[in-house]
Every structure is written in structure tokens, then in C-alpha cells.
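Asker: Below are the C-alpha cells for one structure; questions will follow.
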Amino acid sequence: MKHSLGDGLPIILLSIFMGAGGQVLFKLGANKLAFPEGAPLGTMAVQGFLQIVKNPLILGGFLLFGMSSLLWIVAISKVELSLAYPMVSLGYVLVLFLSWALLGETITLIRISGVLVICLGVFLIAQS
């Protein structure tokens, strides 16, 4: 088993970017879902499922997640899991900025502080 990030880092980062992109597509697709008020739970579940499987944004999100998972398997074949997995937390950082840029969400000082802590943690782990 290889100990350093080496060749695995680009694959890990691409996997993380695809996962974050999938989250954004899920959100964009979810914003288009409409559930009837007061409908029985079973009706809402069926209608929700049908809306989801017909929504190209959500389907695109699933596609990105699937591709991300395949890349992840390749990545962990090259890098120790205990080194690679903490890198996944960079997805939180990426989603924060993508949500701001693409969804118009607000980034607060508290969120930025949290992201800085995450980045520091990933940096420290990468040094091992």
C-alpha cells in the first residue's frame, strides 16, 4: 500500500469536485419539486419519486455521484484510506462556495471560520 498522496491526489480531488457538483445539481433539482399540501404520505412518496426520476438535474446529480464513487475506488486503491478519506471534507468547502456562486446562498463569517478549520485539518493530515 502506498503511503503518500502521490498520483492519487488528482483522482481524489476530481472525485470531490464531482461529489460537490452532484450536491449542487440535487439542490437545483430539489428546488423544482412540488408536493401537494395535505396529501397522504403514500401519495407524496409516489409523486415525489416520479418527480425525482423525471428531473434531469437530479438525474445529473446521481450521474456525478456515480462517477465520483468510481473515481474514489481508484483513488483508495492508490492511497491509504486513513489519508485519503479526510480529503473528502474539502467537499464541504467546495459546496459552500458553489452554493454562494451558483445558488445565491449567503456565506457568513461563522461558515468561513468553519471552512478554515476544515482546510487546516486537511493540510495537517496531508503532511503525514
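Numbering-wise, our numbering comes out as the position in the sequence shown, counting from 1, plus 11. Backbone N, C-alpha and C fix where the C-beta goes; we use that ideal spot for every residue, glycine too. All of these numbers come straight from a predicted model, not from anything done at the bench.
Grouping DSSP H, G and I as helix and E and B as strand, with all else coil, what is proline 67?
Answerer: Proline 67: helix per DSSP, three-state reduction.
Asker: Go ahead and label alanine 56 buried or exposed: buried means 16 or more other beta carbons lie within 10 angstroms of its beta carbon, across all protein chains shown.
Answerer: exposed
Asker: What is the residue span of the alpha helix (DSSP H) that alanine 112 lies within?
Answerer: 101 to 114
Asker: If I'm right that leucine 105 touches glycine 72 with Cβ under 8 angstroms, what's the distance once you round it to whole angstroms?
Answerer: Actually they are not in contact, since the Cβ atoms of leucine 105 and glycine 72 sit about 14 angstroms apart, beyond 8 angstroms.
Asker: Could you tell me the boundaries of the alpha helix (DSSP H) in which methionine 29 lies?
Answerer: 19 to 41
Asker: Roughly how far, in whole angstroms, is the beta-carbon of isoleucine 157 from the beta-carbon of serine 88, given that I think they are within contact range, below 8 angstroms?
Answerer: A query on residue 157 cannot be resolved here, the shown segment of the chain reaching from 12 to 139 and no further.
Asker: What would DSSP say about serine 139, mapped onto helix, strand or coil?
Answerer: coil
Asker: Please report the straight-line C-alpha distance between leucine 20 and isoleucine 63, rounded to a whole angstrom.
Answerer: 33 angstroms
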